[in-house]
Amino acid sequence: MTTKKPKPSPRTPMPEQPAAVRRANFSEVTLGYDLSMAMTEAARCLQCKKPACIKGCPVEVNIRDFVGHMAKGDVDAAYAAIKATNSLPAVCGRVCPQEIQCEGACILGKKGEPVAIGRLERFVADEFAARSACEQITGQAACAASRDGLSVACIGSGPSSLTVAGYLAARGIKVTVYEALHELGGVLTYGIPEFRLPKAIVAREIAALTDSGVTFVTNWVGGKTFTIPELFEMGHKAVFIGVGAGLPRFLNIPGESLIGVFSANEYLTRVNLGRAYAFPDYDTPIYPGKKVVVLGGGNVAMDAARTALRLGAEEVRLVYRRSKEEMPARAEELHHALEEGVILECLCGPLAFVGDERGYLTGLEVQHMCLGEPDESGRCRPCAIEGDTAHIPCDLAVVAVGTGPNPVLLNATPGLEKNRRGYVVVNEDTGETSISNVFAGGDIVTGSATVILAMGAGRRAAKVIAERLVGHG
Amino acid sequence: MPTTILAKRRLIPGKTSELVLDAPHIAAKAQPGNFLILRVNDHGERIPLTIADADPEKGTVTIVYLVLGKSTALLETLEAGDAILDVCGPLGAPTHIEKTGVVICVGGGTGIAAMHHIAKGHARAGNHVVAVIGARTKELLLFHDELSAFCHEVLVTTDDGSMGRKGLVTETLRDRLAADPTVSEVVAVGPVPMMRAVAETTRPFGVKTTVSLNSIMVDGIGMCGACRVTVGGQIRFACVDGPEFDGHQVDFGELCARLGAFRDQERVSLEKFHECRCHDHKKA
């Protein structure tokens, strides 16, 4: 008789607001572990000799160590292990696509469910939030003494720039972050809704950076209020471009300028940055939609659909050209959206927006599709089923089909090399652009990607900047 | 950092005021045609306003607004010495200005103030600048003296004939174009129906016509697409591709419809604002 290895115990469930309750509020959906849940979950970790999870993390968090410390209830040691390579753990624990990164590589996942690494990371970061800023960023009780005359500028205040700022501040290098909008955080603030990433969490990470000596300047637009050569004239020794990819893509189909058709960026910016969910207490208005369609299948589409529900829509349909399996959204976001009542209209390609004589949206014409052979992205190509079209009545449509590079800063920077698609070209080992001591990372290099990949790029550039300015990374 | 209002001039009491802002970093860069985005307080929305003038030496920029909705009504409550929470700029592509000869700058309503900066740029470039400005009545006519200081001709029309010629700016414009084949460009800034009428007036003459579009904006830096306009059949963003476009190519009907997208919410917001103010007065 052979002894079978026992099946791993199931993951510790994450408490969350019931779907029926949360679809009417903007509070965070998931509520976080308590200490005993975190210890129980961490105890599932096998402490592999060759941990695959760490390779799956773009910023190489020492997951085995941090989970090991957590299993013993040692939050301090767990935090130090995470913070050694990740400057925004409370954010990453909430928005990283863990299922395709660390958790996707977890050995436990082969037989059962992987360790809930993201949830543990979030727990540790939240537990630690009360600590002083320097300890949060550097793991040291006191910040590194500031080194005279060494200053670096970051353009944009999203995850890549915040990572650069945290890394350099911990090494005594003065950093000034220039943000075009009136609030800091980039996509973490204007793009990701409160119910997925509370603004208080982002504010906490930024406050920690401020306390460690990072200067933030809002309402300064790269390429308009200042140019990159001017940053060097102001005394900055290196510049990091982390402006993201904010130019909204449209479908270029008839009727796209009808009233009621919005880009996801506009829709989410009104709600998240402008707090339009609290209109008229806040002055930014939002267009009310009863029957809503959201076009796309990524995280941004999920955010828009779930936002529309919370703003009182009766019906929200997600129109996507491929099938549910191909949706690029994080599995957890799709799961939450379905629980909240978002309806999927898969294998549907938009043909035209239809409106009334006053220019208001009344519906969307769609083409039913089937899946063909895989294309260059490896996903099955959607093919039109000739003659099979349908009409979806709607009064609000949100186009969430991706973004392109915003040209404002790039066009104002002569000598900055861009690729065919308009993104910044960098040296893959250093993150340096075609201009000496000007670095770039995040979506403005890769196109729309994830927070954690932007942070990985920030970390790589920051290492090189530190090596150049102080001789070691 | 909040931006201090250095001076306020009530141009039309309760309706239109001019603010001079202490904003050296914007003044240093502001070109004719640029605009800025401001947010009055932390509950405020981002609103775009054209830069009517800039003085890089003094570090000031001038804006002129028409009280239309809640945000401009709130702005109107501020006085010299008060601060505006966020001011961001200069934004938008500057006006294309080169020495071409005779340029007619047409302005209507608050648009005259915005047109002023553009006309100044053309005068500096050595063009013969003709200002054609109009209002319902004499008291509502803005920037007449300012324009007279550098424009070679200032042609005034009023609806009631209280100043200048009685009638519309387009009639004066048509006569001026008919009399002078050397006009190289017409620039129009004002309400959408006026800009549309100007474009139709100049079309038969084949004169290059530039309009400055006031579409709804949120970020103003090319990120949200709220301000999209159709120009020559193409989607363009007024905030970064504009705000100035070829008036003969603009789909004014669509622009007009899109400007009304938030009319219901704007009404709610303004009514609530007046109620609050009313309440304050009762308390006081």
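Read top to bottom, the protein sequences are chains A and Z. Anchor point for the first sequence: position 255 equals 255 in UniProt numbering, and the numbering is continuous, going up by one each time. Anchor point for the second sequence: position 239 equals 239 in UniProt numbering, and the numbering is continuous, going up by one each time. We put the CB at the ideal spot given by N, CA and C, even for glycine.
Asked: Beta carbon proximity, V221 of chain A to chain Z, threshold 8 Å; Found: yes
Asked: Residues bridged to S17 of chain Z [DSSP beta-bridge criterion]; Found: Z:R10, Z:Y65
Asked: Beta-carbon proximity of S157 of chain A to G185 of chain A, cut-off 8 Å; Found: yes
Asked: Short CB-CB distance (under 8 Å) between E113 of chain A and chain Z; Found: no
Asked: Near the ligand ZN: L74 of chain Z beta-carbon under 7 Å from a heavy atom; Found: The ligand ZN is not part of the structure shown, which contains no ligands of any sort.
Asked: Interface flag, A180 of chain A vs chain Z, CB-CB below 8 Å; Found: yes
Asked: Neighbouring residues, chain A, relative to D86 of chain Z (Cβ below 8 Å); Found: H182, T218, N219
Asked: Backbone secondary structure at K49 of chain A - three-state DSSP; Found: coil
Asked: Of the residues Z:V106, Z:E244, Z:T3, the one placed nearest residue 304 of chain Z, counting alpha carbons only; Found: It is not possible to answer for residue 304 of chain Z, since the shown part of chain Z is limited to 1 through 284.
Asked: Contacting positions in the stretch 207-226 of chain Z - beta carbon closer than 9 Å to chain A; Found: V218, D219, G220, I221, G222, M223, C224, G225, A226
Asked: For C88 of chain Z: DSSP bridge partner residues; Found: Z:I37
Asked: Beta-carbon separation (whole angstroms), V300 of chain A vs A400 of chain A, contact threshold 8 Å; Found: 5 Å
Asked: Partner residues on chain A for L91 of chain Z, Cβ-Cβ distance less than 8 Å; Found: V221, K224
Asked: Amino acids of chain Z, ordered along the chain, whose beta-carbon sits closer than 8 Å to that of E266 of chain A; Found: V218, C224, G225, A226
Asked: Own chain residues within Cβ distance below 6 Å of V14 of chain A, not counting five before or after; Found: What sits at residue 14 of chain A in the sequence shown is Met, not Val. So the list reads T30, R119, once near-sequence residues are dropped.
Asked: Collapsed DSSP secondary structure at residue 475 of chain A in the structure displayed; Found: In the structure displayed, chain A extends from 1 to 473; residue 475 of chain A sits before or after that span and is not available.
Asked: T209 of chain Z vs V186 of chain Z beta-carbon contact at 8 Å; Found: yes
Asked: Rounded separation between K111 of chain A and A38 of chain A - CA only; Found: 21 Å
Asked: Sequence-distant residues of its chain with Cβ nearer than 7 Å to V187 of chain A (five each side left out); Found: G158, G244
Asked: Minimum Cβ-Cβ distance from R421 of chain A to chain Z less than 8 Å; Found: no
Asked: Cβ-Cβ separation, A113 of chain Z to L142 of chain Z (assumed contact under 8 Å), whole Å; Found: 6 Å
Asked: Test: I63 of chain A CB closer than 8 Å to a CB of chain Z; Found: no
Asked: Beta carbon proximity, V408 of chain A to chain Z, threshold 8 Å; Found: yes
Asked: Contact check, V132 of chain Z vs V103 of chain Z, beta carbons under 8 Å; Found: no
Asked: Residues within the stretch 280-305 of chain A neighbouring chain Z, beta-carbon criterion of under 7 Å; Found: P280, D281, Y282, D283, T284, P285, Y287
Asked: Close Cβ partners of Y267 of chain A (< 6 Å) along its chain, the five nearest in sequence each way excluded; Found: A304, V398
Asked: Closer than 8 Å to chain Z by CB, S263 of chain A; Found: yes
Asked: Start-end ranges of the alpha helix (DSSP H) lying completely within the stretch 242-313 of chain A, minimum 4 residues; Found: 264-268, 299-310
Asked: Inter-stretch contact at 8 Å, needing at least 3 Cβ pairs: the stretch 447-462 of chain A / the stretch 213-220 of chain A; Found: no
Asked: E121 of chain A versus A:R379, A:G109, A:Q98, residue with shortest Cα-Cα distance; Found: A:Q98
Asked: Beta-carbon contacts of I32 of chain A that lie in its chain and below 8 Å, excluding the five residues immediately before and after; Found: At residue 32 of chain A the sequence reads Gly, which differs from the Ile that was named. Cβ neighbours of G32 of chain A beyond the five flanking positions: M14, P15, R119, R122, F123, D126.
Asked: Cross-chain neighbours of F240 of chain A in chain Z, by beta carbon under 8 Å; Found: Correct list: empty, because the minimum Cβ distance to chain Z is about 19 Å.
Asked: Simplified DSSP state of A284 of chain Z, which is helix, strand or coil; Found: Note that A284 of chain Z has pLDDT 44, beneath the 50 cutoff, so the model's placement of it is unreliable and no number is given.
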